[in-house]
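The structure under discussion appears below in the form of structure tokens.
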Amino acid sequence: MNIFDMTIHQLHTELMEKRISSVEATKAMLERVEAVEPQIGSFITVTTKQALADANRADQKIAEGECHQLTGIPVALKDIFLTEGIRTTCGSRILENFIPPYSATSWDKLRDQGAVLLGKLNQDEFAMGSSNESSAYGNTRNPWDTTCIPGGSSGGSAAAVAARQAIATLGTDTGGSIRQPASHCGCVGLKPTYGRVSRYGVIAYASSLDQVGPLTRDVTDCATMLSVIAGHDPKDSTSVNAPVPDYSASLRQGVKGLKIGLPKEYYIDGLDPDVQHAMGSAIETYRRLGAEFIDISLPHTDYAVATYYLIATAEASSNLARYDGVRFGHRAAADGLLDMYTRSRSEGFGAEVRRRIMLGTYALSSGYYDAYYVKAQKVRTLIMNDFIKAFANVDLILTPVAPTPAFKIGEKVGDPLQMYLSDIFTIPVNLAGTCAISLPAGFSKTGLPIGLQLIGKPFGEETILQAGYAFEEATEWHTRKATI
Amino acid sequence: MRYQPVIGLEVHVQLLTDTKIFCGCSTKFGAEPNSQTCPVCLGLPGALPVLNKKVVEFAIKAGLSTDCSITPRSVFARKNYFYPDLPKGYQISQFEDPICQHGWLDIKVEGEEPKRIRITRIHMEEDAGKLVHGELSGPGDGSGVDLNRACTPLLEVVSEPDLCSSNEAVAYLKQLHQIVTWLGICDGNMEEGSFRCDANVSVMPVGSETLGTRAEIKNVNSFKFVKQAIEYEIQRQIDLIEDGGTVVQETRLFDPNSGTTRSMRSKEEAHDYRYFPDPDLVPLVISDDWIERSRQELPELPEQRQGRFIADLALPLYDAEVLTASRTLADYFESSVAAGCNPKLAANWIMGEITRSLNDSGTSIEACPVSPVQLTGLIKLIDNGTISGKIAKTVFDEMFKCGKDPATIVQEQGLVQVSDTGAIEGIIDEIMAANAGQVEEYRGGKEKVFGFFVGQVMKASKGKANPSVVNDLLLNKLKG
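Residue numbers (the numbering used here), protein chains in the order written: chain E, 1 to 484; chain F, 1001 to 1480.
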């Protein structure tokens, strides 16, 4: 078996048995990155030196008998995570030369466990996009079909796992940015409950929606990663001080007797037939495993996309004000202060980011605030209540991740509204603040992966991981590999 | 026509916390530029604010001391605008649901009835940094940004437009200043900007119920300037209306050199701050327990203390007011009383000799070289006749200079009062013999000469003769 084809738990065993060293594994990964990068384009920065130094240190730790699950495992991070001393661009021209003086808490935690950093991954600029086409550093391509998008905004994080350029990666999910690319690239992606993982050191897009999560080859790896990154961070006031369960320990509990809700608003006409078929098979599988299905309703689903594009853009318009050319980032040659602001931001931000800043600024403006921002917050509460009511009767909710498999590069670039609608099934989860996982659940007739979404109760990560694990045990979708 | 000014004040109170409001950086004044900064107060990508609990405690104390109600669930909001001294492009402040609401201060203007001024709200916010122009060592003539002050905690205290004159405005400010310094939550230093004020001023015809258009005067940093700025602005608006013009809503800047205000920006140029709740900070929930605990911890406030000084220590109102000008002064007075001093005598000495010596030497009461116990000792020496009141002043000056105990000084310099009648009689006899002419004058009915003899005796005894003993003996001897 190739090193780069391994999961975390497989490579961990090899490292512990000392059949492979972390340096060997890291070199194999770096070679793999180099070999397929021209086709995929999932990295913005490859940190070869750092990776080898990390690997050396990991090998020492292993020699000394230290054996965390992640010790010596080569991983990569979406370029939205601050990494001390390593350029962090967030997919934007405006941060092209930004070297952060500190690291994100989630990366610090992985690093403390001995993880090896291969590099920083491509993404939509400031996580604004569903296709990785808004990156200032070129498209990432889908490893299953390089004429297709990998999804976004954590497109690089999903493509790197699918193309076996990293054993596991971290992404962020504001409206589906982990789950949708995981679905399009055939990997496992988890968006934890809001507050479960620290946002400190993660470049903010929409603070009330952003959440960090893992992208992995299987559910076991996903549980391993989550166990490490989850937990309260005194530096993030919105992180929740609740005990972190050992997600790996409870994976094998099965789904017998589990009540799964099927929201009628998600099984609509216009759903791609292949996606529909994959959902049907998944339901059959779960039924066979002993789960019980209940038809439910999430009546405000239709308003989710509009609500999201008011709240997320409003927060973004404020979050992105700090990129002003004064203290860091791109500063344009200019004549006077206003000119410096205008030019630096016009040159530094791409079209989609500018569009969302303008939308959000408008939604917060005097005279429009109540009609847009306040109303959107009210609808958000209604959407949350939909989930609270639904979870009174079911343990989890099963839906598609996206209405279609990955679309073609360039297909929706000219039509932002169509692009926004591709997140219709993932956005409500962020608005409700709860958790959800994307699992490989089949393939389209053209061979593109199709993802299944399990939505859990707030802090119900254990349940969706258990259900995901049971599904994986009963199917083989996750074992298929993109031929690249 | 006669006009009625309408004034509301917004006061920024810089809080005396060791660290900033949303990060752990020091708030110390005067450090090397940008040396007290971190990712949070620099507004770096990915950094998040964490609220300093001390700031909340201080805000609650300010609220309770101004009869505000404390909001059980208050919310931080972002005030969005671009300026190079504002690292995040927004200031974290409070907008809807500030921590304190609906309070008041009862102010006193000399010669007028006390008046209640309502406080609309008190909210917490972070300060911005500072721009530095033309002092950079690097190439070019650019401006620099010092972010040491960024993220320093402030309270903004907003009054209702209940003030009707510059005198009322100053009285309100002084009282607020006294409270925040008394509470120990602000150093009150107006020159360094720890206590600064914006004034909203408008005028309307007397008897009118429609408020005039207001102008906001920015950053007036002394009581004197507040008075000047408001008076100038009132007159400017009246003149404008009398000349047929209209007052426009605008922000004006006070120029202390000319004593005038000038337009800074019009309403049209005003920012749309796009306030919205800060998603990085959860709503601040303050329990009744917390409020109650803060109430217990509140020090006795100046007004209450004045009342006690009058009722329990029989001080006149004037003395009570002077002695509660600051908490340390009032503490000094009470320590003296606690050490056994007669309250009125202590008050006289503190308002007299101590205040004078402190002023002359530019010393604060905190650093007064004479302790309350020493002052009490001095007053007791007068009381028991060891020294005269006159000698006491000499002793005090010496105490203030060297910090020694009064008894030590009296001993060292041989200043003990002479009450021995034999010794004093000897002196009197000598003086009467040497001034036979004056003795005759006195006996002839010119009683004014008595004072001359007292002076001569005191002089001859180097001030140490007990004045009342001198009086009695002289009277007897002169009468013959």
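The C-beta atom is built at its ideal place from N, Cα and C for all residues, glycine as well.
Just so you know, these numbers come straight off a predicted model, no measurement behind them.
Measure from the alpha carbon of residue i to the alpha carbon of each residue in the options, then state which is nearest.
| i | options | result |
| --- | --- | --- |
| E:A390 | E:G456, E:V401, E:S131 | E:G456 |
| E:D423 | E:K78, E:T174, E:L338 | E:T174 |
| E:D246 | E:P234, E:D221, E:A206, E:K256 | E:D221 |
| F:F1396 | F:K1380, F:A1436, F:L1375 | F:L1375 |
| E:P416 | E:T446, E:H232, E:A351, E:I73 | E:A351 |
| F:P1283 | F:I1119, F:S1093, F:H1012 | F:S1093 |
| E:P181 | E:A441, E:V401, E:D395, E:Y286 | E:V401 |
| E:T479 | E:A162, E:T193, E:L431 | E:A162 |
| F:E1297 | F:D1127, F:V1011, F:L1183 | F:L1183 |
| E:T224 | E:D210, E:E476, E:L110 | E:L110 |
| F:G1422 | F:N1466, F:T1355, F:G1451 | F:N1466 |
| F:K1088 | F:K1464, F:F1095, F:R1078 | F:R1078 |
| E:K27 | E:T216, E:G119, E:G442 | E:G119 |
| E:E476 | E:V429, E:Y372, E:G367, E:A441 | E:A441 |
| F:V1370 | F:D1383, F:N1384, F:I1382, F:T1355 | F:T1355 |
| E:R93 | E:Y303, E:F126, E:E284 | E:F126 |
| E:F43 | E:Y372, E:S134, E:G91 | E:G91 |
Going by DSSP in three states, residue i sits in which element: helix, strand or coil?
| i | result |
| --- | --- |
| E:R141 | coil |
| F:E1269 | coil |
| E:H300 | coil |
| E:R345 | helix |
| F:A1199 | strand |
| F:L992 | Because chain F is modelled from 1001 through 1480, residue 992 of chain F falls outside the range shown and cannot be assessed. |
| F:G1426 | helix |
| F:G1377 | helix |
| F:I1021 | coil |
| F:T1126 | It should be noted that the sequence gives Glu, not Thr, for residue 1126 of chain F. Reduced to three states, the DSSP call for F:E1126 is strand. |
| F:V1156 | Per the sequence shown, the amino acid found at residue 1156 of chain F is Glu instead of Val. F:E1156 falls in the strand class under three-state DSSP. |
| E:K78 | strand |
| E:I437 | strand |
| F:S1294 | helix |
Taking 7 Å as the cut-off, decide whether the C-beta atoms of residue i and residue j are in contact.
| i | j | result |
| --- | --- | --- |
| E:V219 | E:L465 | yes |
| F:L995 | F:E1112 | An answer regarding residue 995 of chain F cannot be provided, because it is not within the stretch 1001 to 1480 covered by chain F. |
| E:L454 | E:A470 | no |
| E:L258 | E:A282 | no |
| E:V240 | E:A104 | no |
| F:I1424 | F:V1469 | yes |
| E:G213 | E:P243 | no |
| F:V1170 | F:K1227 | yes |
| E:T147 | E:K408 | yes |
| F:M1240 | F:V1006 | Note that residue 1240 of chain F is Leu in the sequence shown here, rather than Met. Taking 7 Å as the Cβ cut-off, F:L1240 and F:V1006 do not qualify as a contacting pair. |
| F:A1320 | F:I1310 | yes |
| E:S157 | E:L209 | no |
Can you check whether the C-beta of residue i is within less than 7 Å of a C-beta belonging to chain E?
| i | result |
| --- | --- |
| F:I1080 | First, the residue type needs correcting, since residue 1080 of chain F is Asn and not Ile in the sequence shown. Output row for F:N1080: interface = yes. |
| F:R1274 | yes |
| F:P1084 | yes |
| F:D1097 | no |
| F:K1267 | no |
| F:L1281 | yes |
So, does the CB of residue i fall closer than 7 Å to a CB anywhere in chain F?
| i | result |
| --- | --- |
| E:V202 | yes |
| E:F364 | Note that residue 364 of chain E is Leu in the sequence shown, not Phe. Yes, E:L364 lies at the interface with chain F (some Cβ there is under 7 Å from its Cβ). |
| E:V197 | no |
| E:S135 | no |
| E:V326 | yes |
| E:E24 | no |
| E:A334 | no |
| E:R331 | no |
| E:A321 | yes |
| E:L344 | Per the sequence presented here, residue 344 of chain E reads as Ser, with Leu not at that position. For E:S344, the answer is no, since every Cβ of chain F falls outside 7 Å of its Cβ. |
| E:D79 | no |
| E:S157 | no |
Would you say residue i touches the ligand SAM, meaning its beta carbon is less than 6 Å from a heavy atom?
| i | result |
| --- | --- |
| F:M1432 | Ligands in the displayed structure: none, and consequently the ligand SAM is not present. |
query = Which runs of the alpha helix (DSSP H) spanning at least 4 residues fall entirely within the region 1300–1364 of chain F, listed in chain order?
reply = Counting only runs of 4 or more residues that sit fully inside the region 1300–1364 of chain F, the alpha helix (DSSP H) segments are 1302–1313, 1317–1323, 1327–1338, 1343–1349, 1355–1361, in chain order.
request  = Run through the region 100–186 of chain E for me and flag every whole beta strand (DSSP E) of 3 or more residues, listed as ranges in chain order.
outcome  = Complete beta strand (DSSP E) runs here, min 3: 116–121, 168–173.
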